[in-house]
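Here the structure is laid out as structure tokens; the discussion comes afterwards.
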Amino acid sequence: MPRFPDCTNYEDVRIASSLEQALLDLRSITGSTMDLNIMEVLVSSHKCAVVSIESMASTSIMTELLFHPLTSLSLPDGSTAQDIADYLTKQSLLSAERRTCFDYGEAVTQLFAGFALVLVDGLAKGYLFGIQGFDKRSIDEPTSDLNVLGGRDGFIEVLRTNVSLVRRRLKTPCLRFELSKAGTKSKTDVCIAYMADRCSPELVDSVRKRLASIKLETVLSSGYVMPYLMKSSKSLFSDVQTTDRPDAFAAKLCEGKVGVIIDGTPFTLLVPSFFIENFNTVDDYAHRPYYAAYIRCIKYLSFILAVMLPGVYVALATFHSETFSYKLLLSLVVSEESTPYPLMFDVVIITLMYEILREAGIRLPKTVGGAVSIVGGLIIGDAAVNSGLISAPILIIIGLTATASFVIPNLNQQTSILRIVMIIAGGIAGLYGITLVSAAVLVNACALSDNGIPYTAPVTPFFGSGFKDIFIRAGFKKLEKTQTLVSDFKASGESSTEE
Amino acid sequence: MKKTTAISGVQLICLLLVGRLFITMTYSPAGNENTLITILGGLFSNALQALLLIFPLLLIRKFPDKNVVEVGYDAAAPVGAVLSVLYAVFLLWVSIKLMCDFSEFITVAFPIFSAKKLIVLFMALTALYISTLGAEPIARSSAVAAALFIVMLILVLLGTSGELDIHNLNISVEDPMGDILSSAADTFGRNAELVTACLLLPYLRSGYGKTVYSYIAIKYAAVAAIAVLFTAILGNFTYSSPLPFFHLSSYSDSAVIARFDALFLITWTLFAVIKLGICIFLAGRCLSYISPKARPAYANCVITALALICVFFIIRYSDIRSLENSKLCAAALILLAAVIPALALLVPNGKNSKSGKKDKKEKTLQKEADENENS
Numbered sequence: 031m032p033r034f035p036d037c038t039n040y041e042d043v044r045i046a047s048s049l050e051q052a053l054l055d056l057r058s059i060t061g062s063t064m065d066l067n068i069m070e071v072l073v074s075s076h077k078c079a080v081v082s083i084e085s086m087a088s089t090s091i092m093t094e095l096l097f098h099p100l101t102s103l104s105l106p107d108g109s110t111a112q113d114i115a116d117y118l119t120k121q122s123l124l125s126a127e128r129r130t131c132f133d134y135g136e137a138v139t140q141l142f143a144g145f146a147l148v149l150v151d152g153l154a155k156g157y158l159f160g161i162q163g164f165d166k167r168s169i170d171e172p173t174s175d176l177n178v179l180g181g182r183d184g185f186i187e188v189l190r191t192n193v194s195l196v197r198r199r200l201k202t203p204c205l206r207f208e209l210s211k212a213g214t215k216s217k218t219d220v221c222i223a224y225m226a227d228r229c230s231p232e233l234v235d236s237v238r239k240r241l242a243s244i245k246l247e248t249v250l251s252s253g254y255v256m257p258y259l260m261k262s263s264k265s266l267f268s269d270v271q272t273t274d275r276p277d278a279f280a281a282k283l284c285e286g287k288v289g290v291i292i293d294g295t296p297f298t299l300l301v302p303s304f305f306i307e308n309f310n311t312v313d314d315y316a317h318r319p320y321y322a323a324y325i326r327c328i329k330y331l332s333f334i335l336a337v338m339l340p341g342v343y344v345a346l347a348t349f350h351s352e353t354f355s356y357k358l359l360l361s362l363v364v365s366e367e368s369t370p371y372p373l374m375f376d377v378v379i380i381t382l383m384y385e386i387l388r389e390a391g392i393r394l395p396k397t398v399g400g401a402v403s404i405v406g407g408l409i410i411g412d413a414a415v416n417s418g419l420i421s422a423p424i425l426i427i428i429g430l431t432a433t434a435s436f437v438i439p440n441l442n443q444q445t446s447i448l449r450i451v452m453i454i455a456g457g458i459a460g461l462y463g464i465t466l467v468s469a470a471v472l473v474n475a476c477a478l479s480d481n482g483i484p485y486t487a488p489v490t491p492f493f494g495s496g497f498k499d500i501f502i503r504a505g506f507k508k509l510e511k512t513q514t515l516v517s518d519f520k521a522s523g524e525s526s527t528e529e
Numbered sequence: 003m004k005k006t007t008a009i010s011g012v013q014l015i016c017l018l019l020v021g022r023l024f025i026t027m028t029y030s031p032a033g034n035e036n037t038l039i040t041i042l043g044g045l046f047s048n049a050l051q052a053l054l055l056i057f058p059l060l061l062i063r064k065f066p067d068k069n070v071v072e073v074g075y076d077a078a079a080p081v082g083a084v085l086s087v088l089y090a091v092f093l094l095w096v097s098i099k100l101m102c103d104f105s106e107f108i109t110v111a112f113p114i115f116s117a118k119k120l121i122v123l124f125m126a127l128t129a130l131y132i133s134t135l136g137a138e139p140i141a142r143s144s145a146v147a148a149a150l151f152i153v154m155l156i157l158v159l160l161g162t163s164g165e166l167d168i169h170n171l172n173i174s175v176e177d178p179m180g181d182i183l184s185s186a187a188d189t190f191g192r193n194a195e196l197v198t199a200c201l202l203l204p205y206l207r208s209g210y211g212k213t214v215y216s217y218i219a220i221k222y223a224a225v226a227a228i229a230v231l232f233t234a235i236l237g238n239f240t241y242s243s244p245l246p247f248f249h250l251s252s253y254s255d256s257a258v259i260a261r262f263d264a265l266f267l268i269t270w271t272l273f274a275v276i277k278l279g280i281c282i283f284l285a286g287r288c289l290s291y292i293s294p295k296a297r298p299a300y301a302n303c304v305i306t307a308l309a310l311i312c313v314f315f316i317i318r319y320s321d322i323r324s325l326e327n328s329k330l331c332a333a334a335l336i337l338l339a340a341v342i343p344a345l346a347l348l349v350p351n352g353k354n355s356k357s358g359k360k361d362k363k364e365k366t367l368q369k370e371a372d373e374n375e376n377s
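Dropping the structure here:
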């Protein structure tokens, strides 16, 4: 009679000492799933079983590390089941990862993580051996945050590979990894990474607590964990940074941040994050400082253009036309006269069209992605202007806006929403509307902080030491003299060095 | 009762300065056509403000982490309730005045062919939103706004430096003492930030006196410098234009900077919404002491709705200039920023009210803390 027909309430049940009952229980818990692999074997006349999950465990490693030593084991007559246990745990090195489990919860979790479970008849416990061997993607160039002069390896979906990529860059005992599980069903491995000498214990503890508060059934990507790490769900901006670059991850750990690596996704999370970090790339530190500073200024300008350009254009053209030069004003009037709809309506429609095309370009297979730009950019855009539905200056404005938004991919979500809001505000209330929305966004960003570390630091609150790496990038000789940690940017507290 | 948020000294100075610069941009020049009188009048006014602020500073030393309203509640619940209403009404009046100035501005300086009331409503809603985020984010934003103003002012002044002529400064005086006192009285009435400072002092962790007196000194220097520079550049136009500040850039030799007047519009609007936001925040906090069970955000909504109703009424049926009463304003400032804090000093430290209001207040602040945490 199966003891766990609905695969619940088994976690804390002790493993049966009878091998037959234990195997029955395992089959009951897993519903005799197709990939459950049970190999019963006699070891020195004692009944044993090796249980594994097909495709999660490596058959060759299992043969080499478990089957061969076990089958060739010969114990003297009169040996007991405990002797086999002693052999497994004390006299042999069958696997680098091995542990003893006493309940079905631990046993099943580790089985599904790629461990092999050895059960011995007469012993109410099992022995787990790490022999993971599932297929994985090879280390590849990161798909986001591309760079010219930085490393070419990116995180992959396997947590342990990602851990090794970080460890390879920081060969110090101060780098700590803490493994935990998230998701009541998925039991996803989640790893906290931090530098013990750089990161404040309060921050690490806070991240631990936030991860422990995850009550989701499944954790399949970083997006599932991010809301739990974010201090405010109402903010427009996110105080959790994502990266799939091990070099960027390692650099941020050295700044005193806490990293979270999630099994099954190449995107890692870092807390806390700052607004200014959206404009920094690994390449900034490979270029000469003056060029890095120039590129950063271009990025800040791009952000302003991506958010405000269409809105400001609508505001100026609708309400403050005196700000245009006479020639420009004349050409704008000529262009706009031929269009049937109000300017704000035109700009909103074109912006939405751009968003549709961009989304289509992302979701479509790469082979047909190019066709979207041809259809959207050339055919629709050209036809719309020629037919007089929209004016050419609007297309130029939206084109420039779209290009500017590509420069700061980390803020893509915010720029997309703010752009539309700015257009509507500019169309209704002119520059007043633009300024009011900007004020709301500014205060919204200023309200975001994590463990007392403001999202807008070191600009506001102002920290002079942090300014060496914001608009300009000081040389490494200067940066090494003033190593700034995120905890230095704490807005309130006794040890604050603010202003 | 520790406040859960903290404002640094520099942020508080910026916050108060932003409020005062908004007035400077709106009412420049201040009353008379003599620069020397303006400067000396300002000196007298600021000296008086420095004296008045001694009482709030003594109060915060005696009751750290408590504002004058909370001290009133410690004395007796009815006293606290009266103080709550007094401060809330004053801040409501400042908010109404500010919104009226704003509506006047969008008619005079940068008129746009859009519904005036809609823009005022838009502004009030923005201020309401930022008030719900708390004092700390508003203070941080004010630092950015102040920095933006300084950068823009420097750019415009560099562009107009060729037009600077010290002969434009009128320093001839006929009745110096009378004019100086009149100017001082005019200037003093425009410093509602004194009350704001009184209520925001508990949010400072330390350096109360240093912060307050730095603000007074910086404000005086900034306002005096702006008055001198403007008169030197604009000459008599300063006195004939309703809002000369916004014509400064058009005097520039540079074709680019000549079009920067719209940028002053941006800073002016930014200053306005920040000032309105902090007024609504503080008025809302004062109201929430009366009804501790209500969420502070609801009190902010009530203040905003009241202010909007009054503003729409004034725009429709009355004259915005009817709100101008420097003597009444000066009296209110002396009462709220000096007399009441001075009387509050008589309350013995650590005394709890009989009606258990303290517990209610603690709950209110806890709620405030939770709300800030959530937001």
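The listed protein sequences correspond, in order, to chains A and B.
According to the working numbering, the first sequence is numbered sequentially starting from 31.
According to the working numbering, the second sequence is numbered sequentially starting from 3.
The beta carbon of each residue, even a glycine, is placed where N, CA and C say it ideally should be.
Exercise for the section: Check each residue of the stretch 301-312 of chain A: if its Cβ is closer than 8 Å to any Cβ of chain B, include it; give the result in chain order. Expected result: Listed by position along the chain: nothing, the set is empty.
Exercise for the section: Grab me the residues of A:Ala323's own chain with a C-beta within less than 8 Å of its C-beta, minus the 5 sequence neighbours each way, in chain order. Expected result: For this step, residue 323 of chain A is matched to residue 293 along the first sequence. Closer than 8 Å at the Cβ level, and outside the excluded window around A:Ala323, lie Phe501, Ile502 and Arg503.
Problem - Residue span of the beta strand (DSSP E) that contains A:Phe145, given as start and end - result: Translated into the one-based positions of the first sequence, residue 145 of chain A becomes position 115. If you look at A:Phe145, you'll find it in the beta strand (DSSP E) that goes Phe145 to Val150.
Practice task
Compare the C-beta of B:Ala8 with all C-beta atoms of chain A and state if any pair is closer than 8 Å.
Solution key: Here the question's residue 8 of chain B lines up with position 6 in the second sequence. B:Ala8 counts as touching chain A.
Exercise for the section: Mind checking the stretch 501-514 of chain A against chain B and listing, in chain order, the residues whose C-beta falls within less than 9 Å of any C-beta there? Expected result: Of all residues in the stretch 501-514 of chain A, none places a beta-carbon less than 9 Å from a beta-carbon of chain B.
Handout entry: Proximity test, Cβ basis, 8 Å: A:Val473 and chain B
Key = Locating residue 473 of chain A in the first sequence gives position 443, counting from the first residue. Between A:Val473 and chain B, the shortest Cβ-Cβ separation is below 8 Å.
Problem - Local conformation of B:Cys102 per DSSP, three classes - result: Translated into the one-based positions of the second sequence, residue 102 of chain B becomes position 100. Assigned with DSSP and collapsed to three states, B:Cys102 falls in helix.
Handout entry: For A:Tyr224, the residue or residues it bridges with in DSSP
Key = Start at 1 with the first residue of the first sequence, and residue 224 of chain A comes out as number 194. Answer is A:Arg206.
Problem - Pairwise C-alpha distance: A:Phe185 and A:Val298 - result: The sequence position of residue 298 of chain A within the first sequence is 268, counting from 1. The sequence position of residue 185 of chain A within the first sequence is 155, counting from 1. The sequence as given places Thr at residue 298 of chain A; Val does not occur at that position. About 8 Å.
Practice task
Using a Cβ-Cβ cut-off of 8 Å, state whether A:Ile458 counts as contacting chain B.
Solution key: Taking the first sequence and counting its residues from 1, one reaches residue 458 of chain A at position 428. In terms of beta-carbon proximity, A:Ile458 lines the interface with chain B, with at least one pair separated by less than 8 Å.
Handout entry: Assigned secondary structure, B:Pro350 (DSSP; H/G/I helix, E/B strand, else coil)
Key = Along the second sequence, one-based indexing puts residue 350 of chain B at 348. Looking at B:Pro350 - three-state DSSP - the assignment turns out to be coil, as it is neither helix nor strand.
Practice task
Give every residue of the same chain whose Cβ lies closer than 6 Å to the Cβ of A:Ile244, excluding the five residues on either side of it in the sequence, and list them in chain order.
Solution key: Reading the first sequence from its first residue, position 214 is the one you call residue 244 of chain A. Cβ-Cβ distances below 6 Å link A:Ile244 to Ala212 and Tyr258 in the same chain, with the five nearest sequence neighbours on each side left out; the list follows chain order.
Problem - B:His169 burial status per 10 Å Cβ neighbour count (16 or more: buried) - result: The residue labelled residue 169 of chain B in the question sits at position 167 within the second sequence. The residue is exposed, with fewer than 16 neighbouring Cβ atoms inside 10 Å.
Exercise for the section: Give me whichever residues DSSP pairs with A:Thr273 in a beta bridge. Expected result: For the purposes of this step, residue 273 of chain A is identified with residue 243 of the first sequence, where counting begins at 1. Beta-bridge partners assigned by DSSP to A:Thr273: A:Thr298.
Problem - Backbone secondary structure at A:Lys201 - three-state DSSP - result: Start at 1 with the first residue of the first sequence, and residue 201 of chain A comes out as number 171. Three-state DSSP puts A:Lys201 in coil, outside helix and strand.
Practice task
Name the residue from A:Arg198, A:Thr272, A:Ser351 and A:Asn416 whose alpha carbon lies nearest to the alpha carbon of A:Ser251.
Solution key: Here residue 251 of chain A refers to the residue found at position 221 of the first sequence. Distances from the alpha-carbon of A:Ser251 to those of A:Arg198, A:Thr272, A:Ser351 and A:Asn416 put A:Thr272 closest.
Handout entry: Close-in-space but distant-in-sequence residues of the same chain around B:Ala90 (CB under 6 Å, 5 per side omitted)
Key = Along the second sequence, read from residue 1 onward, the residue named residue 90 of chain B stands at position 88. If we look at B:Ala90 and ignore the five residues flanking it on each side, its Cβ neighbours are Ala285, Cys288 and Leu289.
Problem - A:Ala223 to A:Gly457 span [Cα, whole Å] - result: Residue mapping note: residue 223 of chain A aligns to position 193 of the first sequence, counting from 1. Residue mapping note: residue 457 of chain A aligns to position 427 of the first sequence, counting from 1. Computed Cα separation, rounded: 47 Å.
Problem - Candidates A:Cys476, A:Ser365, A:Ile404 and A:Ser268, of which the one nearest A:Gln443 by Cα - result: Within the first sequence, numbered from 1, the residue matching residue 443 of chain A stands at position 413. Among A:Cys476, A:Ser365, A:Ile404 and A:Ser268, the Cα nearest to that of A:Gln443 belongs to A:Ser268.
Exercise for the section: Go through its chain and collect everything with a Cβ distance to A:Pro319's Cβ below 6 Å, but skip five positions before and after it. Expected result: In the first sequence, the residue the question calls residue 319 of chain A occupies position 289. Sequence-distant Cβ neighbours of A:Pro319 in its own chain, meaning closer than 6 Å and more than five residues away, are Arg503 and Gly505.
Handout entry: Cα-Cα separation, A:Cys204 to A:Ala226
Key = On the first sequence, residue 204 of chain A is found 174 positions in, with the first residue counted as 1. On the first sequence, residue 226 of chain A is found 196 positions in, with the first residue counted as 1. Here the alpha carbon of A:Cys204 sits roughly 5 Å from the alpha carbon of A:Ala226.
Practice task
Compare the Cα-Cα distances from B:Val225 to each of B:Val349, B:Ile316, B:Thr26 and B:Ser184 and report the closest residue.
Solution key: Sequence index remark: in the second sequence, residue 225 of chain B carries index 223 (1-based). Closest option to B:Val225, Cα to Cα, is B:Thr26.
Practice task
Measure the C-alpha to C-alpha separation of A:Ser412 and A:Gly391 and round it to an integer number of angstroms.
Solution key: The residue given as residue 412 of chain A occupies position 382 in the first sequence. The residue given as residue 391 of chain A occupies position 361 in the first sequence. Residue identity differs from the one stated: residue 412 of chain A is Asp in this sequence, not Ser. Looking at the two C-alpha atoms, the distance is approximately 19 Å.
Practice task
Name the one or two DSSP bridge partners that A:His76 has.
Solution key: Translated into the one-based positions of the first sequence, residue 76 of chain A becomes position 46. According to DSSP, A:His76 bridges with A:Val73.
Exercise for the section: For the alpha helix (DSSP H) holding A:Gly494, just list the boundary residues, first then last. Expected result: Indexing the first sequence from 1 puts residue 494 of chain A at position 464. The continuous stretches of alpha helix (DSSP H) do not include A:Gly494, and DSSP gives it neither H nor E.
Handout entry: Where A:Cys476 sits in the DSSP three-state scheme
Key = Your numbering for residue 476 of chain A matches position 446 in the first sequence. A:Cys476: helix per DSSP, three-state reduction.
Handout entry: Cα-Cα separation, A:Lys261 to A:Gly482
Key = In the first sequence, the residue the question calls residue 261 of chain A occupies position 231. In the first sequence, the residue the question calls residue 482 of chain A occupies position 452. Going by the C-alpha atoms only, they are around 11 Å apart.
Handout entry: 8 Å Cβ cutoff, A:Pro372 in contact with chain B
Key = Mapped onto the first sequence, residue 372 of chain A falls at position 342. No, because no Cβ of chain B sits closer than 8 Å to the Cβ of A:Pro372.
Handout entry: Length at least 4, wholly inside the stretch 317-384 of chain A: the alpha helix (DSSP H) runs in chain order
Key = DSSP runs (the alpha helix (DSSP H)) wholly in the stretch 317-384 of chain A: 319-349 and 356-367.
Exercise for the section: Quick one: list the residues of chain A neighbouring B:Ala145, beta-carbon separation under 8 Å, in chain order. Expected result: Against the second sequence, residue 145 of chain B aligns to sequence position 143. Going along chain A in sequence order, the residues near B:Ala145 (Cβ under 8 Å) are Thr490, Pro491 and Phe492.
Problem - Backbone secondary structure at A:Asp183 - three-state DSSP - result: Mapped onto the first sequence, residue 183 of chain A falls at position 153. Residue state for A:Asp183 is assigned as coil, using DSSP reduced to three classes.
Practice task
Could you say which of A:Ala52, A:Ile438, A:Asp235 and A:Leu233 lies nearest to A:Leu149 if we only look at CA atoms?
Solution key: Locating residue 149 of chain A in the first sequence gives position 119, counting from the first residue. Comparing alpha-carbon positions, the option among A:Ala52, A:Ile438, A:Asp235 and A:Leu233 lying closest to A:Leu149 turns out to be A:Ala52.
Practice task
Return no unless some Cβ of chain B is closer than 8 Å to the Cβ of A:Ile131.
Solution key: For the purposes of this step, residue 131 of chain A is identified with residue 101 of the first sequence, where counting begins at 1. Reading the sequence as shown, one finds Cys at residue 131 of chain A and not Ile. With 8 Å as the cut-off, A:Cys131 does not count as an interface residue toward chain B.
Handout entry: Amino acids of chain A, ordered along the chain, whose beta-carbon sits closer than 7 Å to that of B:Ser116
Key = Reading the second sequence from its first residue, position 114 is the one you call residue 116 of chain B. Ordered by position in chain A, the residues that pass the 7 Å Cβ test against B:Ser116 are Phe349, Ile458, Ala459 and Gly460.
Exercise for the section: Leaving aside the five residues before and after B:Gly21 along the sequence, list all residues of the same chain whose C-beta is less than 6 Å from its C-beta, in chain order. Expected result: One-based indexing of the second sequence puts residue 21 of chain B at position 19. Contacts found: Glu195 and Lys277.
Practice task
For B:Arg297, return the contacting residues in chain A, with the cut-off set at a CB-CB distance below 8 Å.
Solution key: Taking the second sequence and counting its residues from 1, one reaches residue 297 of chain B at position 295. Going along chain A, no residue has its Cβ under 8 Å from B:Arg297, so there is no contact; the nearest lies around 15 Å.
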